[in-house]
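For the sequence shown, this note's numbering assigns the number 1 to the initial residue and increments by one for each residue that follows. Here a beta-carbon is modelled for each residue, glycine too, at the ideal position from N, C-alpha and C. So the structure is just underneath, and the comments pick up after that.
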Amino acid sequence: MTKFENFLSQLRGKRVAVIGIGVSNTPLLRLLLSAGAHVTACDRKNREALGALAGELEAAGAYLKLGDRYLDELGGAELIFRTPGLRPDTPQLCAARARGAVVTSEMETFFEVCPCTMLAVTGSDGKTTTTTLIAEMLKNAGNTVWLGGNIGAPLLADTGRMKPEDFAVLELSSFQLMTMTRSPHVAVITNLSPNHLDYHLDMAEYVEAKTNIFSHQSTGDVLVLNADNAETAALAARAHGEVRLFSRASRPEDGVSFDGATLFAERDGTHTPLFARPADRLRGLHNVENMMAACAAVRDYVPAEVMAHTVETFAGIEHRCELVRVLDGVSYYNDSIASSPTRCAAGLVAFEQKVILIAGGYDKHIPFDELGFVIRDHVKLLLLCGATAEAIEHAVRAAGGVTPPIVRCEKLEECVSTARASALPGDIVTLSPACASFDQFPNFMKRGEYFKERVHELK
1 MTKFENFLSQ
11 LRGKRVAVIG
21 IGVSNTPLLR
31 LLLSAGAHVT
41 ACDRKNREAL
51 GALAGELEAA
61 GAYLKLGDRY
71 LDELGGAELI
81 FRTPGLRPDT
91 PQLCAARARG
101 AVVTSEMETF
111 FEVCPCTMLA
121 VTGSDGKTTT
131 TTLIAEMLKN
141 AGNTVWLGGN
151 IGAPLLADTG
161 RMKPEDFAVL
171 ELSSFQLMTM
181 TRSPHVAVIT
191 NLSPNHLDYH
201 LDMAEYVEAK
211 TNIFSHQSTG
221 DVLVLNADNA
231 ETAALAARAH
241 GEVRLFSRAS
251 RPEDGVSFDG
261 ATLFAERDGT
271 HTPLFARPAD
281 RLRGLHNVEN
291 MMAACAAVRD
301 YVPAEVMAHT
311 VETFAGIEHR
321 CELVRVLDGV
331 SYYNDSIASS
341 PTRCAAGLVA
351 FEQKVILIAG
361 GYDKHIPFDE
371 LGFVIRDHVK
381 LLLLCGATAE
391 AIEHAVRAAG
401 GVTPPIVRCE
411 KLEECVSTAR
421 ASALPGDIVT
431 LSPACASFDQ
441 FPNFMKRGEY
451 FKERVHELK
C-alpha cells in the first residue's frame, strides 16, 4: 500500500472539517467524501456567495457551516484542514489541538504522501515565474511534471496518478509554509523583503515561515538562494544540504552567475556558459534572477541546451509585465502581480523610459519609502487609487527632488481613463500597484483582468 492509499484508508468514518471552500479545497472535499469521511465544510461566505457549489457538496454528503460563525463546528472534528489564509494560532484551532484534533492542510498532507521528487519555490517576488520556468524546463527534458501550490492545480487529489519518476513543482507562500514539517528535495528562495505584514506578526515571523521550505531537508537535498539579497543569503548558514547561489553581482562557487549578457553555471571551479539572455523575453533584471534560480534548481535533471530552449521560447505569464494593447502609439502593460513595493520597483526599472504608473490598493502595512525614490526616477505621471494612495504619495514626495505629477483617482477605471487622456504616442502605461488587491478585488488576477477589460474598451 502506498502512502497515499494508506492516507485514504484511514479516512473512512473519520470526522473531518475543511476550512475554506475555495479553488484549492474543492478537490480536497470531494476526495475526502469519496474516501468515506464525515465532512464538515466551513466557510465565512454565505450560501448565496457559494452558488451551485453548496448544493453539489451537500448532495455528495458534506455538511456546510457558513457565515460569520463558520468555525463553531470544529469541536467534533478529529482531523482539520486549515485554509492557508487562516492563522494557525486562531483560538478555535488552538482549542481543537488541545482536545486532540490533528490540524493540517492540503499542502502539508501532499508533502506526506507525494511519491515523486519535489521542487518548491518561495520568496517575496518572482515565485510564479521561477516555478513555471522550472516546470517547463523539466517538461522539455521529457519528464512528467505536476505543477501545484499557489499555481496550477491542487495536487493531493492527483497523488494516486503520480509515479516515482515524476516531478512535483510547487509555488509555496509563507501562509502555507508556517506549519510545514517536511521540505522538498530542492528548495528555492528567490528573495526576501517585507511582505504580508498584515498577516504575520512581524518581519521575523514572515522570514521564519519562509525558512520552513528547507528547515526539514537532509544532507542529500538542495537549497537555492539569492546571493544578492542579504536576507536570503544569510540563510545559507542554516542549510542542511547542498547550497547553490545565484548572483548578478558575483561568481558564487556553486550555482549560477550573470555577466550582463550571458548566464553561467558555476561548479567545482568551472565557469561554463549556459545561454545568452534573450533580447525579447522576460523583460527586466528581476527576470534574469528568476532564470538563474530555475537553472540552479534543475541542474541535476535538465541539460543546458534544454534550459536555453525553454527560456528562448517562454511566452511569459499573464499579469506579469504583460503587454495588453498598443493604442495610438501608447503601450498598456498589466503587471497586476506586483503586489509589493519591491516587485513594483523591479517592474518600473525594467522599462527604458519613464512610464505612466497606476498604483495603490489594499494596505499590507509594508513601507513604501524605497519605492518613493524609484517612482521619482522612473515615472512621468503617477495615478493613485485605493487604501494606500496617501502613503505612496507621501513616500514619493519625501524622496525629494523633482517628483512626477500625482493624480488621485477614486477607482481603477478612472485611473485608466486618466492615463488615456494624458498619454502621448510612445508613452508606456503600466498597472503595477505595489499593493494587494483586496480593497477592490478578490485577488490580483481579477484586478488584472478588470484592467485589461477597461484598456480594451478604450476608443
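- [ ] Flag this pair as touching only if the stretch 270–285 and the stretch 310–320 have three or more C-beta atom pairs under 8 Å; answer yes or no.
- [x] Output reads yes: the stretch 310–320 touches the stretch 270–285.
Open item on the list: Can you check which of these residues, A338, G22, D268, is closest to S124 by C-alpha distance?
Closed with: Here the question's residue 124 lines up with position 124 in the sequence shown. Taking only the C-alpha atoms, the option nearest S124 is A338.
Open item on the list: Along the chain, where does the alpha helix (DSSP H) containing E112 start, and where does it finish?
Closed with: In the sequence shown, residue 112 corresponds to position 112, counting from 1. Start and end: 106–113.
- [ ] Can you tell me which of T270, S247, P433, G13 puts its alpha carbon nearest to the alpha carbon of T190?
- [x] As a first step, residue 190 is located in the sequence shown; it is residue number 190 there, counting from the start. Closest option to T190, Cα to Cα, is S247.
Task: Neighbour-count burial assignment, M292, 16 or more Cβ in a 10 Å radius - done: Taking the sequence shown and counting its residues from 1, one reaches residue 292 at position 292. The residue is buried, with at least 16 neighbouring Cβ atoms inside 10 Å.
Task: Where the beta strand (DSSP E) containing K446 begins and where it ends - done: Within the sequence shown, residue 446 is the residue found at index 446, counting from 1. Here K446 belongs to no beta strand (DSSP E); instead the alpha helix (DSSP H) covers 444–457.
- [ ] Compare the beta carbon distance of V396 and G361 with 8 Å and say whether it is the shorter of the two.
- [x] Translated into positions along the sequence shown, residue 396 becomes position 396. Translated into positions along the sequence shown, residue 361 becomes position 361. Contact annotation: V396 and G361 have beta-carbon atoms that are not nearer than 8 Å.
Open item on the list: Quick check: the Cα distance between S174 and A236, rounded to an integer number of angstroms?
Closed with: Taking the sequence shown and counting its residues from 1, one reaches residue 174 at position 174. Taking the sequence shown and counting its residues from 1, one reaches residue 236 at position 236. Cα to Cα, the separation comes out at about 19 Å.
- [ ] Might you give, ordered along the chain, the residues of its own chain that have their beta carbon closer than 6 Å to the beta carbon of G255, omitting 5 neighbours on each side?
- [x] In the sequence shown, counting from the first residue as 1, residue 255 sits at position 255. Excluding residues within five positions, the ones whose Cβ falls inside 6 Å are R244, L245, F246, E266, A296.
Open item on the list: Starting from T347, trace the alpha helix (DSSP H) in both directions and tell me its first and last residue.
Closed with: As a working mapping, residue 347 is identified with position 347 in the sequence shown. Residue identity differs from the one stated: residue 347 is Gly in this sequence, not Thr. Annotation for G347: the continuous alpha helix (DSSP H) segment containing it runs 341–349.
Open item on the list: Taking the alpha carbon of L348 as the reference point, which residue from D377, V188, I80 has its own alpha carbon closest?
Closed with: Position 348 of the sequence shown, counted from the start, is the residue given in the question as residue 348. Comparing Cα positions, the closest option is D377.
Open item on the list: Going residue by residue through the stretch 207–291, where are the continuous alpha helix (DSSP H) segments of at least 4 residues, counting only ones entirely within it?
Closed with: Secondary structure remark: continuous alpha helix (DSSP H) runs of at least 4 residues inside the stretch 207–291, in chain order: 230–233.
Task: Which of helix, strand or coil DSSP assigns to C42 - done: Looking up residue 42 in the sequence shown gives position 42. Secondary structure of C42 (DSSP, three-state): strand.
Open item on the list: Rounding to the nearest angstrom, what Cα-Cα distance links L285 and A346 in this structure?
Closed with: Here residue 285 corresponds to residue number 285 of the sequence shown, with the count starting at 1. Here residue 346 corresponds to residue number 346 of the sequence shown, with the count starting at 1. Each residue's alpha carbon lies about 8 Å from the other.
Open item on the list: Between which residues of its own chain and R47 is the CB-CB distance below 8 Å, once the five residues before and five after are set aside?
Closed with: The residue given as residue 47 occupies position 47 in the sequence shown. Cβ within range, chain order: A54, L64, L66.
Open item on the list: Given this structure, state the Cα-to-Cα distance separating C435 from T388, to the nearest angstrom.
Closed with: For the purposes of this step, residue 435 is identified with residue 435 of the sequence shown, where counting begins at 1. For the purposes of this step, residue 388 is identified with residue 388 of the sequence shown, where counting begins at 1. C-alpha separation (whole angstroms): 8 Å.
Open item on the list: Under DSSP, the alpha helix (DSSP H) around N334 begins and ends at which residues?
Closed with: Mapped onto the sequence shown, residue 334 falls at position 334. Per DSSP, N334 belongs to no alpha helix (DSSP H); it is in the beta strand (DSSP E), 330–334.
Open item on the list: How far does the alpha helix (DSSP H) with I392 in it extend, from its first residue to its last?
Closed with: Position 392 of the sequence shown, counted from the first residue, corresponds to residue 392. First-last of the alpha helix (DSSP H) with I392: 389–398.
Task: L172 vs G149 beta-carbon contact at 8 Å - done: Taking the sequence shown and counting its residues from 1, one reaches residue 172 at position 172. Taking the sequence shown and counting its residues from 1, one reaches residue 149 at position 149. Less than 8 Å separates the beta-carbon of L172 from that of G149.
Task: Backbone CA spacing between T179 and E457 [nearest angstrom] - done: Counted from its first residue, the sequence shown places residue 179 at position 179. Counted from its first residue, the sequence shown places residue 457 at position 457. Straight-line Cα distance between these residues: approximately 45 Å.
Task: Cβ-based neighbour list, K354, same chain, cut-off 7 Å, excluding 5 preceding and 5 following - done: Sequence index remark: in the sequence shown, residue 354 carries index 354 (1-based). Excluding its 5 nearest sequence neighbours in each direction, K354 has C-beta neighbours in its own chain below 7 Å: H378, V379, K380, listed in chain order.
Open item on the list: Measuring alpha carbon to alpha carbon, tell me which residue in V145, E136, T129 is nearest C116.
Closed with: Locating residue 116 in the sequence shown gives position 116, where the first residue counts as 1. A check of alpha carbon separations from C116 across V145, E136, T129 identifies V145 as the nearest.
TODO: Could you say which of A391, V186, S432, E165 lies nearest to C321 if we only look at CA atoms?
DONE: Along the sequence shown, read from residue 1 onward, the residue named residue 321 stands at position 321. In this structure, S432 is the residue among A391, V186, S432, E165 with its C-alpha nearest to the C-alpha of C321.
- [ ] Note down the Cα distance separating S331 from V429, rounded to an integer number of angstroms.
- [x] Within the sequence shown, residue 331 is the residue found at index 331, counting from 1. Within the sequence shown, residue 429 is the residue found at index 429, counting from 1. Within the model, the alpha-carbon separation for S331 versus V429 is close to 6 Å.
Task: Assigned secondary structure, F4 (DSSP; H/G/I helix, E/B strand, else coil) - done: Locating residue 4 in the sequence shown gives position 4, counting from the first residue. Three-state DSSP puts F4 in a helix.
TODO: Determine the direct distance from the alpha carbon of T232 to that of L197, and round the result to whole angstroms.
DONE: What you label residue 197 is simply residue 197 of the sequence shown in a count that begins at 1. What you label residue 232 is simply residue 232 of the sequence shown in a count that begins at 1. Between the C-alpha atoms of L197 and T232 there is a straight-line separation of about 18 Å.
Open item on the list: If you follow the alpha helix (DSSP H) that G55 is in, where does it begin and where does it stop?
Closed with: Here residue 55 refers to the residue found at position 55 of the sequence shown. Judged by DSSP secondary structure, G55 falls within the alpha helix (DSSP H) whose first and last residues are 52–59.
- [ ] Might you give, ordered along the chain, the residues of its own chain that have their beta carbon closer than 6 Å to the beta carbon of F4, omitting 5 neighbours on each side?
- [x] Start at 1 with the first residue of the sequence shown, and residue 4 comes out as number 4. Annotation for F4: V113, T159, G160 place their beta carbon closer than 6 Å to its own, counting only its chain and skipping 5 residues before and after.
- [ ] Count the other C-beta atoms from every protein chain shown that fall within 10 angstroms of the C-beta of L74, then say buried if there are 16 or more, exposed otherwise.
- [x] For this step, residue 74 is matched to residue 74 along the sequence shown. Under this definition L74 is a buried residue.
- [ ] Say whether the stretch 198–205 touches the stretch 218–225, bearing in mind that this needs 3 or more beta-carbon pairs closer than 8 Å, one atom from each stretch.
- [x] Touching, no, given that fewer than three Cβ pairs across the two stretches are closer than 8 Å.
Task: Neighbourhood of M307 by C-beta distance below 8 Å, restricted to the same chain and skipping five residues each side - done: Locating residue 307 in the sequence shown gives position 307, where the first residue counts as 1. The beta carbon of M307 sits closer than 8 Å to those of M137, L274, F275, A294, C295, V298, all from its chain and outside the five residues before and after it, given in chain order.
Task: Residue(s) in a DSSP beta bridge with K65 - done: The residue given as residue 65 occupies position 65 in the sequence shown. Secondary-structure assignment with DSSP links K65 through a beta bridge to C42.
Open item on the list: Nearest by alpha-carbon distance to H185: which of F451, R99, R408, M118 is it?
Closed with: Numbered from 1 along the sequence shown, position 185 holds the residue referred to as residue 185. Out of F451, R99, R408, M118, M118 has the C-alpha closest to the C-alpha of H185.
Task: Span of the alpha helix (DSSP H) around K139 - done: Working through the sequence shown from its first residue, we reach residue 139 at position 139. In this chain, the alpha helix (DSSP H) harbouring K139 covers 127–140.
- [ ] Measure the Cβ-Cβ separation of V416 and R454 and say whether it is below 8 Å.
- [x] Indexing the sequence shown from 1 puts residue 416 at position 416. Indexing the sequence shown from 1 puts residue 454 at position 454. For the pair V416 and R454, the CB atoms are nearer than the 8 Å cut-off.
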